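Visitor: Could you have a look at this structure, given as C-alpha cells, before my questions?
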Amino acid sequence: MTAAATLACMLTLSGALRAAIIAHARADHPDEACGVIAGPAGSDRPERLIPMTNAERSPTFYRFDSMEQLRVWQEMDDRDEEPVVIYHSHTATEAYPSRTDISYASEPGAHYVLVSTRDPDEVEFRSFRIADGTVTEEEVRSLADEPAGPPGGAAPE
Numbered sequence: 790m791t792a793a794a795t796l797a798c799m800l801t802l803s804g805a806l807r808a809a810i811i812a813h814a815r816a817d818h819p820d821e822a823c824g825v826i827a828g829p830a831g832s833d834r835p836e837r838l839i840p841m842t843n844a845e846r847s848p849t850f851y852r853f854d855s856m857e858q859l860r861v862w863q864e865m866d867d868r869d870e871e872p873v874v875i876y877h878s879h880t881a882t883e884a885y886p887s888r889t890d891i892s893y894a895s896e897p898g899a900h901y902v903l904v905s906t907r908d909p910d911e912v913e914f915r916s917f918r919i920a921d922g923t924v925t926e927e928e929v930r931s932l933a934d935e936p937a938g939p940p941g942g943a944a945p946e
C-alpha cells in the first residue's frame, strides 16, 4: 500500500455503532467480545451490528462459533451484505492486533476494530486494515447520530 493510500484509510461509523461495540466489549469482560458490522456489499458502510459468541470464552483469545458464523455469513449473503467491520476486545492489553489476530484475519476488505477493556475508565478504540499479514492503522471517524424529532430541531408540542 502506498503512503497516499495509507493516509486515505479511514473507518467512518455512527456514534451508536461505536457505543454498541464498546458496550459489548465491557459486558463480556473479562472474556474477549467479538462480532461483525455488516453493510451493503461494496459500500464500505457499516450499518448492522451483529454481536457474536466468543466460542473460546477466553480473556486472551476469540473465535467465532463456526455454526453461528456460517449462519451470519449466509444471512449477509442473502441480504447482499458483507462484513465491513470485524471487531473484538482485548481485556488486558492495548487495542492492537496480536500475532494470532493477524494470522486469522481472513477478510482483507474489512476494517478490524479493537477495543481494550483493560482500563474501566478509558476507552481505547482503534481500527486497522489487515491484509497479507500487514497491519495498517487507520483513522476512526464517528458520526454524530441524527437527533430525534423533526428537522430544524423544533421540539414537538
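Using the working numbering, read the sequence shown as starting at 790 and increasing by one per residue. Here a beta-carbon is modelled for each residue, glycine too, at the ideal position from N, C-alpha and C. The structure presented is a predicted model; accordingly, all values stated were derived computationally and were not measured.
In whole angstroms, what is the alpha-carbon distance linking Arg930 and Asp869?
Guide: By 1-based counting over the sequence shown, the position of residue 930 is 141. By 1-based counting over the sequence shown, the position of residue 869 is 80. So the two alpha carbons sit approximately 25 Å from each other.
Visitor: Exposed or buried, Leu800, counting other C-beta atoms within 10 Å across all chains shown (16 or more means buried)?
Guide: In the sequence shown, residue 800 corresponds to position 11, counting from 1. It is buried - the Cβ of Leu800 has at least 16 other Cβ atoms within 10 Å.
Visitor: Could you round the C-beta distance between Glu857 and Thr842 to whole angstroms and report it? I think they count as a contact, below 8 Å.
Guide: Locating residue 857 in the sequence shown gives position 68, where the first residue counts as 1. Locating residue 842 in the sequence shown gives position 53, where the first residue counts as 1. That pair is a contact at about 6 Å.
Visitor: Put Thr791 into one of helix, strand or coil per three-state DSSP.
Guide: Your numbering for residue 791 matches position 2 in the sequence shown. Confidence in Thr791 is poor, its pLDDT being 38 and thus under 50, which makes the residue's placement unreliable; the coordinate value appears in the next sentence. Thr791: coil per DSSP, three-state reduction.
Visitor: I want to check one thing, is the minimum distance from the CB of Leu838 to the heavy atoms of the ligand HEM below 8 Å?
Guide: Judged by which ligands are present, the structure shown has none, so any question about the ligand HEM falls away.
Visitor: Restricting to runs no shorter than 4 residues, where is the alpha helix (DSSP H) found entirely within the segment 842-919?
Guide: Those alpha helix (DSSP H) runs which fall completely within the segment 842-919 and span 4+ residues are 855-867 and 888-893.
Visitor: Beta-carbon within less than 6 Å of Pro897's beta-carbon, same chain only, minus the 5 sequence neighbours each way: which residues are those?
Guide: Your numbering for residue 897 matches position 108 in the sequence shown. Closer than 6 Å at Cβ, skipping near neighbours: Ala920.
Visitor: Where DSSP assigns a beta bridge to Leu932, which residues make up the other side?
Guide: Within the sequence shown, numbered from 1, the residue matching residue 932 stands at position 143. Answer is Ser803.
Visitor: Taking contact to mean at least 3 C-beta pairs separated by less than 8 Å, is the segment 807-818 in contact with the segment 891-909?
Guide: With a cut-off of 8 Å, the segment 891-909 and the segment 807-818 count as touching, because enough Cβ pairs lie within range.
Visitor: Output yes or no for whether 9 Å exceeds the beta carbon distance between Cys767 and Arg915.
Guide: The structure shown does not extend to residue 767, since the chain is modelled only from 790 to 946, so the question has no answer here.
Visitor: Considering only the alpha carbon of each residue, which of Asp817, Ala830 and Arg815 lies closest to Asp867?
Guide: Residue numbering aside, residue 867 sits at position 78 when the sequence shown is read from its first letter. Cα-wise, what sits closest to Asp867 is Ala830.
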